[in-house]
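Student: These protein sequence lines are chains A and B, in that order.
Quick note: the first sequence uses my numbering, first residue 10, plus one each step.
Quick note: the second sequence uses my numbering, first residue 868, plus one each step.
The beta carbon of each residue, even a glycine, is placed where N, CA and C say it ideally should be.
Please find one structure pasted underneath; my questions will follow.
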Amino acid sequence: MATIVVLVIIVILAIMAMGVYNRIIRLENRYQNAWSQIDVQLKRRVDLIPNLVETVKGYAAHEKEVFEEVARSRSALMNAKGVNEAAGAANMMTAALGRLFAVAENYPELKANENFKMLQEELASVENKIAYARQFYNDAVLQYNNGIETMPGMFFAGPMNKKAAVFLEIPEAEKEVPKVSFAS
Amino acid sequence: MSVPQGAALPNVITDGATGRRISLLDWQASNRRMSWLLGLIMAALLAAIAYLLAQVTNPASAGVFVSVAGVLGVGQTVAAYWFSDQLALGASGARPATKDEHRYLVDVTEAVAIGAGVPTPRIYVIDSPAPNAFATGRDPQHASIAVTRGLIDMLDRQELEGVVAHEMSHVKNYDIRFMSMLAATIGVIVILRDLVLRWFQFGAFGGPRRSRGSRDRSGNRGQGIMIVLLIVLLVLGPILATILRLAVSRRREFLADATGAYITRNPEGLASALEKLAAYQGEGLEVSEGVRHLFIVNPLARHNAMHLLATHPPIEERIDRLRRM
């Protein structure tokens, strides 16, 4: 009789353990998959940049500094390894593009260019998607971290070698109101 | 766009109607369960009606009646599962949005879908100046969102994001499946009721009375009870289903508002959009009764804002709850 009770308890515990294990794996997969959503949008933005730079150069070829900054952030992003490096490079690129568009404000002819307007709109839409993707990623990370830091997941995190994931920082530049140009 | 870390636990939303905190996963699971339960209830109801129908016309063929009803019920459930979105879109005159023509809407929807963590739904536009929107489908992988031209024209980006996020909540939480199933249930009962009433008009049930003598009096009385039962079932059925729909649908709207605000991290966007929708005084949106409850605001709200059987909570209350988040 006692053996049966012990056996039943062992079976129940095993089933519960399986549930916790699966939950941790599921949460981990979700936040890692959430990163790929950001990655897709970052790649789209990288693809748009050569075209944008060419268009702006047609009107403001001498603004070399800002082109170099954009190019630097682009290669940094393309060579980035891992989530944190890519996120850092992406923030750098957001800042560089912000500078580029601020410069563009000084060139009315450029601003009137259809191609430029289209690219600007496209980039704004990509930025918006990046913001949403980053938000979803942070949500997924929060759930994953809660999953492995609270009961009962915390007993499994060690043996499963799972560590808390890092939140993506929202760059300061994005929290500011976009700067208005003061063309004289 | 900032992430209020720790401010709100993901996937736990405060139900505006009761003030209780609800796990979205529980809500989704309940929606899925309820969808199938509704299918079962409808099949049972159909079988009961068929049985009674057989009793008052030709008791010997009860088996045939009930099996036909069973097949119909199952068929209707399956059809609702697969095709109700096409029906709803067709009934409201929606046509697919194109990236060229509705770039703004498509961009906003794609962005919100990313934030909600669901695949981008198919996007439709209804050619009406009245601002409104609805979602339909069976699960997030097979979902559609339709908005009117008036909505796109009237709202700014944040407001449009708020409305789309509200609809995306219906998608993400399987409200769309539940609503499709419910609409199908009510639809079948209404069709049956109308059919039986038509038969009454043509005197189909007068037959046994005319051929008096072929049955004894008690048989006639039994038949009378059956007829009464049948009528009660057919008349009460749609009313009960409607009450059920109202009870769940108002709560659902509050929850979708809350989830939508969570997805955009911006309750003010949806609040201000709802304000504009409530203030709209122009031409109404003519859609059939069967799809009216799907919309974010009642298409006929101007005519019966205080209607007891409103499918939506008062818009002012929704705005107020969003502003207090």
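Is SER902 of chain B helix, strand or coil by DSSP?
Tutor: Three-state result, SER902 of chain B: helix.
Student: What is the rounded straight-line gap between the Cα of ASP148 of chain A and the Cα of ALA142 of chain A?
Tutor: Computed Cα separation, rounded: 10 Å.
Student: Give the interface partners of ALA105 of chain A over in chain B, defined as CB-CB distance under 7 Å, in chain order.
Tutor: Here the premise fails: no neighbours, minimum Cβ distance about 19 Å.
Student: For PRO1007 of chain B, which of B:VAL985, B:LEU1018 and B:LEU1097 has the nearest alpha-carbon?
Tutor: Out of B:VAL985, B:LEU1018 and B:LEU1097, B:VAL985 has the C-alpha closest to the C-alpha of PRO1007 of chain B.
Student: According to the Cβ coordinates, are SER951 of chain B and ALA1050 of chain B closer than 8 Å?
Tutor: Going by C-beta atoms, SER951 of chain B is nearer than 8 Å to ALA1050 of chain B.
Student: From the DSSP output, in three-state form, read off VAL992 of chain B for me.
Tutor: The answer is strand: DSSP assigns VAL992 of chain B an E or B state.
Student: Could you check where the beta strand (DSSP E) with SER959 of chain B kicks off and where it finishes?
Tutor: No beta strand (DSSP E) contains SER959 of chain B, which DSSP labels as neither H nor E.
Student: Starting from VAL112 of chain A, trace the alpha helix (DSSP H) in both directions and tell me its first and last residue.
Tutor: 91–113 is the span of the alpha helix (DSSP H), which, as asked, contains VAL112 of chain A.
Student: Given that a residue counts as buried once 16 or more other Cβ atoms are within 10 Å of its Cβ, and exposed if not, what is PHE164 of chain A?
Tutor: Counting Cβ neighbours within 10 Å, PHE164 of chain A comes out exposed, since fewer than 16 surround it.
Student: So what does DSSP say about ASP974 of chain B, is it helix, strand or coil?
Tutor: Correct three-state label for ASP974 of chain B: helix.
Student: Report yes if the CB atom of ALA983 of chain B is closer than 8 Å to the CB atom of GLY940 of chain B, and no otherwise.
Tutor: No, the pair does not count as a contact, with Cβ atoms beyond the cut-off.
Student: With DSSP as the reference, label ALA23 of chain A as helix, strand or coil.
Tutor: If DSSP states are grouped into helix, strand and coil, ALA23 of chain A belongs with the helices.
Student: Given this structure, state the Cα-to-Cα distance separating SER1011 of chain B from ALA1002 of chain B, to the nearest angstrom.
Tutor: Cα to Cα, the separation comes out at about 6 Å.
Student: Rounded to whole angstroms, what's the CA-CA distance from ARG1016 of chain B to ILE1163 of chain B? Just pull it up for me.
Tutor: So the alpha carbons of these two residues sit roughly 15 Å apart.
Student: Might you give, ordered along the chain, the residues of its own chain that have their beta carbon closer than 7 Å to the beta carbon of ASN1171 of chain B, omitting 5 neighbours on each side?
Tutor: Below a pLDDT of 50, predicted positions are generally treated as unreliable, and ASN1171 of chain B, at 44, falls in that range; no measurement from the model is reported.
Student: Based on the DSSP secondary-structure assignment, which residues constitute the bridge partners of VAL1014 of chain B?
Tutor: BP columns for VAL1014 of chain B point to B:VAL992 and B:ALA1000.
Student: Looking at ALA917 of chain B and VAL933 of chain B, is the spacing between their C-beta atoms short of 8 Å?
Tutor: Yes, Cβ-Cβ distance for VAL933 of chain B and ALA917 of chain B is below 8 Å.
Student: When you compare the CB positions of SER1036 of chain B and ILE993 of chain B, do they come within less than 8 Å of one another, or not?
Tutor: No. Outside cutoff.
Student: Grab me the residues of ALA166 of chain A's own chain with a C-beta within less than 8 Å of its C-beta, minus the 5 sequence neighbours each way, in chain order.
Tutor: Correct list, in chain order: ILE33, ILE157, GLU158 and LYS172.
Student: Determine contact between the stretch 120–127 of chain A and the stretch 87–101 of chain A, defined as no fewer than three beta-carbon pairs at a distance below 8 Å.
Tutor: No: the two stretches stay apart, fewer than three of their Cβ pairs being nearer than 8 Å.
Student: According to DSSP, is HIS969 of chain B helix, strand or coil?
Tutor: Coil, per DSSP.
Student: Below 8 Å, can you find three or more Cβ-Cβ pairs linking the stretch 13–25 of chain A to the stretch 104–120 of chain A?
Tutor: No, they do not touch.
Student: In chain order, what residues of the same chain lie with their CB nearer than 7 Å to the CB of VAL55 of chain A, ignoring the 5 residues before and after it?
Tutor: Cβ neighbours of VAL55 of chain A beyond the five flanking positions: ARG83, LEU86 and MET87.
Student: Would you mind working out which of A:LEU132, A:ALA140, A:MET169 and A:ARG39 sits nearest ALA96 of chain A, comparing C-alpha positions?
Tutor: Taking only the C-alpha atoms, the option nearest ALA96 of chain A is A:ALA140.
Student: Run down chain E in chain order and give the residues with a C-beta less than 7 Å from the C-beta of LYS138 of chain A.
Tutor: Structure shown: chain E not included; protein chains present are A and B.
Student: Name the chain A residues whose beta carbon is nearer than 7 Å to that of ASP1023 of chain B?
Tutor: Within chain A, no residue comes near ASP1023 of chain B; the closest Cβ sits about 13 Å away, beyond 7 Å.
Student: Find the nearest neighbour of PRO998 of chain B within the set B:LEU1122, B:GLU968, B:ALA1140 and B:TYR971, judged by alpha-carbon distance.
Tutor: Nearest option by C-alpha distance: B:ALA1140.
Student: Check whether the Cβ atoms of VAL1038 of chain B and VAL979 of chain B lie closer than 8 Å to each other.
Tutor: Cβ atoms of VAL1038 of chain B and VAL979 of chain B: not closer than 8 Å.
Student: Can the beta-carbon of VAL973 of chain B be found less than 8 Å from the beta-carbon of MET1093 of chain B?
Tutor: Result no, Cβ atoms of VAL973 of chain B and MET1093 of chain B do not sit closer than 8 Å.
Student: Can you tell me whether GLU1184 of chain B is helix, strand or coil according to DSSP?
Tutor: Looking at GLU1184 of chain B - three-state DSSP - the assignment turns out to be helix.
Student: Rounded to the nearest angstrom, how far is the Cβ of VAL135 of chain A from that of GLN50 of chain A, given a contact under 8 Å?
Tutor: Yes, VAL135 of chain A and GLN50 of chain A are in contact; Cβ-Cβ is about 6 Å, under 8 Å.
Student: With 16 as the cutoff for other CB atoms within 10 Å, does GLY1104 of chain B come out buried or exposed?
Tutor: Classification of GLY1104 of chain B: buried, given that the 10 Å Cβ count is 16 or more.
Student: Counting only beta-carbon atoms, is ASP893 of chain B nearer than 8 Å to chain A?
Tutor: Not one chain A Cβ lies under 8 Å of ASP893 of chain B.
Student: Are VAL1055 of chain B and LEU913 of chain B touching if we call contact CB-CB under 8 Å?
Tutor: Cβ distance < 8 Å, so VAL1055 of chain B and LEU913 of chain B count as in contact.
Student: For the candidate residues B:GLU1150, B:TYR1147, B:ALA1125 and B:VAL1158, whose alpha-carbon lies nearest to that of ARG1191 of chain B?
Tutor: Residue B:ALA1125 is the option with its Cα nearest to ARG1191 of chain B.
Student: What residues in its chain sit with their C-beta under 7 Å from that of LEU956 of chain B, if we drop five residues either side in the sequence?
Tutor: Same-chain partners within the cutoff: TYR991, THR1003, SER1011 and ALA1013.
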